[in-house]
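Sequential numbering of the sequence shown, starting at 0, is according to numbering that gives the first Met the number 0.
Glycine included, C-beta positions come from ideal geometry on N, C-alpha and C.
Below is one structure, written out as structure tokens; the observations come after it.
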Amino acid sequence: MRVTHSLLHTDDLARLVAREYAIAAPVKVSLLNRGFNDTYLVTDAEGERRVLRVYNRDKYWIRSESDLRFELDLLEHLAASGLGVIRPYQRTVGDRLGRLTAPEGERYFALFTYAPGKPSYDGTTTAGQWREYGAGIARMHLEMDAFQTGYDRYHLDEGILVERPLAGLAPYAKSDRAAADLAELGEIGKRLTGEIHRLRAIHGAYGIIHADLHRGNIHLSDDGRFVTFDFDHCGFGLRAYDLVTFHRGPDSPEEDRERWTAVLAGYQQIRPLSQAETEALPALAACRAMWDIGDWLGAADRTGDAWVTEARIAKLLADIRKTASGGADQS
């Protein structure tokens with residue numbers, strides 16, 4: 000019987016880490032989460048923590064080993080520049096990327112520094128701190144401009160942000176109502192594609208981005224320093240897209256709107272957006288909502304698809320109507 004995705008035993012992974020990296024043994028490994036990769040907490044004999052990622056196979060945005068090496072080289076570049084990001088470890092053989100044999104076939108792995116601090120979802124984070132984080136995103140984009148590598152990475156174009164999610168939803172739109180909702184999403188998608196093309200023509204608007212800067216991928220250390228991790232979705236895209244996970248319309252809760260205002264202001268202070276980019280932020284937030292659906296559909300063979308209902312399609316349409324119009328629901 001074939002295997003789509005296996006969960007590797009933590010004792011075996013502990014032996015792998017002890018063999019592959021120069022860290023103090025014995026090593027303890029425990030599962031942190033399963034998602035688009037399997038992520039483990041690694042604790043050495045001295046109590047120091049690290050994070051092991053075992054990459055999943057057959058992800059739509061990973062075309063070859065080159066994509067993985069691009070990510071690790073990018074993190075090394077950003078960390079060496081003094082930015083608050085995790086850093087990949089060298090294996091004892093001198094490479095950052097390793098391979099292991101799993102029941103489903105070959106899988107890659109990498110070990111990273113542990114992001115210290117607490118999740119940014121903690122309610123004590125101030126507007127001033129979020130402003131500094133926005134500035135940090137801008138500094139990261141500037142350092143990404145200076146990044147050079149011989150490896151390649153995918154592009155978050157209209158195919159990834161719009162066309163792929165809509166194609167993935169099509170089999171679930173079985174009723175006339177759902178088909179009509181999907182057709183309207185398709186019309187909105189055409190407008191979003193036009194925005195993507197228009198923005199790409201602006202000098203400096205397109206480059207390497209993190210592409211998944213939600214608050215779950217950010218920790219705030221005890222000394223007030225933000226640390227960003229999970230660059231698994233990084234690629235080439237619109238720089239303003241990296242901001243829209245924080246985007247909130249005028250009918251959002253005050254705390255969310257204040258956070259968004261602070262992040263945007265901090266970014267603009269270091270790397271000002273053009274007027275066209277600023278005006279397109281609601282449209283890019285709509286792209287983000289559409290992409291998120293397509294992203295999870297891409298993992299349905301491992302995580303299931305019971306959540307993809309016609310009601311979910313209707314909610315996506317309502318959310319995108321509101322987001323793309325800047326917060327005013329025009330339904």
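field: As assigned by DSSP and simplified to three states, the class of Asn216
entry: It is helical.
6 angstroms CB neighbourhood of Ser273 in its chain, flanking five on each side removed: For Ser273, where only same-chain residues beyond five positions count, the Cβ hits under 6 angstroms are Ile201.
message: Pull the bridge partners of Asp57 from the DSSP assignment, please.
response: DSSP, once it has assigned bridges, lists no residue as partnering Asp57.
field: Paired residues, beta bridge with Phe225 - DSSP
entry: Looking at the DSSP assignment, Phe225 forms a beta bridge with Leu219.
message: Going by DSSP in three states, Ala21 sits in which element: helix, strand or coil?
response: Coil at Ala21, not helix or strand.
- prompt: Do the region 162-180 and the region 203-213 meet, that is, are 3 or more Cβ pairs less than 8 angstroms apart?
  reply: Segments in contact, no.
- prompt: Taking one C-beta from the region 79-87 and one from the region 103-112 each time, how about it: are there three or more such pairs within less than 8 angstroms?
  reply: Here the region 79-87 lies against the region 103-112, with 3 or more beta-carbon pairs under 8 angstroms apart.
task: Can you tell me the Cβ-Cβ gap for Cys233 and Arg152, rounded? I've got them flagged as a contact below 8 angstroms.
output: Contact holds; Cβ gap of about 7 angstroms.
- request: Compute the Euclidean distance between the alpha carbons of Ile269 and Ala172, then round it to the nearest angstrom.
  value: Their Cα atoms are separated by approximately 44 angstroms.
- prompt: Cβ atoms of Ala285 and Leu198: under 8 angstroms apart, would you say?
  reply: Their beta carbons are not under 8 angstroms apart, which means Leu198 does not touch Ala285 by this criterion.
Rounded C-alpha distance that separates Arg320 from Gly34: Roughly 29 angstroms separates the two Cα atoms.
task: Let me know the beta strand (DSSP E) ranges lying completely inside the region 279-315, each 3 residues or longer, listed in chain order.
output: If we require 3 residues or more, the region 279-315 turns out to have no beta strand (DSSP E) run fully inside it.
task: Could you spell out where the alpha helix (DSSP H) holding Leu141 opens and where it closes?
output: 126-144 is the span of the alpha helix (DSSP H), which, as asked, contains Leu141.
field: Start-to-end residues for the beta strand (DSSP E) that takes in Ala172
entry: Counted as a single uninterrupted DSSP element, the stretch harbouring Ala172 is not any beta strand (DSSP E), since DSSP gives it neither H nor E.
query: In whole angstroms, what separates the C-alpha of Ser330 from that of Lys314?
result: With a pLDDT of only 34 at Ser330, under 50, the local geometry of the prediction cannot be trusted, and the value read off the model is given with reservation. Rounded to whole angstroms, the gap between the alpha carbons of Ser330 and Lys314 is 12 angstroms.
- request: Identify every residue that forms a DSSP beta bridge with Asp121.
  value: For Asp121, DSSP assigns no beta-bridge partner whatsoever.
Check whether Met0 and Pro164 have beta carbons under 8 angstroms apart: In this structure, Met0 lies away from Pro164, with their beta-carbon atoms at least 8 angstroms apart.
query: Quick one, which of Ala13, Val226, Arg106 has its alpha-carbon nearest Asn36's?
result: Minimum Cα distance to Asn36 is reached at Arg106.
- prompt: Beta-carbon separation of Trp129 and Ala261 under 8 angstroms?
  reply: Yes, the Cβ-Cβ distance between Trp129 and Ala261 is below 8 angstroms.
6 angstroms Cβ shell around Leu160 - same chain, five flanking residues per side excluded: Counting only Cβ-Cβ distances below 6 angstroms, and skipping sequence neighbours, we find Cys286, Trp290.
Segment contact flag, the region 115-134 with the region 214-223, C-beta cutoff 8 angstroms, min 3 pairs: Counting Cβ pairs under 8 angstroms, three or more are found: they touch.
field: Three-state secondary structure (DSSP) of Glu64
entry: For Glu64, the three-state secondary structure derived from DSSP is helix.
- request: Check whether the Cβ atoms of Gly265 and Gly133 sit closer than 8 angstroms, and answer yes or no.
  value: Taking 8 angstroms as the Cβ cut-off, Gly265 and Gly133 qualify as a contacting pair.
query: Can you tell me whether Gly135 is buried or exposed, with buried defined as 16 or more other CB within 10 angstroms of its CB?
result: By the 10 Å Cβ count, Gly135 comes out buried.
His196 classed as buried or exposed, judged by whether at least 16 other C-beta atoms fall within 10 angstroms: By the neighbour-count rule (16 or more Cβ atoms within 10 Å), His196 is not buried but exposed.
- request: Quick one: grab the DSSP three-state call for Phe1.
  value: The sequence given here has Arg at residue 1, not Phe. Residue state, collapsed to three classes: coil.
message: What does the Cβ neighbour count give for Val53, buried or exposed, with the cut at 16 atoms within 10 Å?
response: So Val53 counts as buried.
message: For the pair the region 70-81 and the region 1-17, tell me if three or more CB-CB distances fall below 8 angstroms.
response: Verdict: no, contact absent.
task: Using 10 angstroms around the beta-carbon of Trp259, count the other beta-carbons present and answer buried if the total reaches 16, otherwise exposed.
output: Label assigned to Trp259: buried.
field: Cα-Cα separation between Ala204 and Arg256, rounded to whole angstroms
entry: Straight-line Cα distance between these residues: approximately 24 angstroms.
CB of Thr38 within 8 angstroms of CB of Leu31, strictly: Closer than 8 angstroms, so yes.
- request: Put Asp328 into one of helix, strand or coil per three-state DSSP.
  value: For Asp328, the predicted model reports a pLDDT of 41, less than 50, meaning its position is unreliable; a value from the coordinates is still stated below. Residue state, collapsed to three classes: coil.
task: Please determine, among Gly248, Leu77, Leu242, the residue with the shortest C-alpha to C-alpha distance to Pro271.
output: For Pro271, the nearest C-alpha among the options comes from Leu242.
query: Any idea if Thr227 is buried or exposed, counting beta-carbon neighbours within 10 angstroms, 16 or more meaning buried?
result: Burial of Thr227 is indicated by the presence of at least 16 other C-beta atoms within 10 angstroms of its C-beta.
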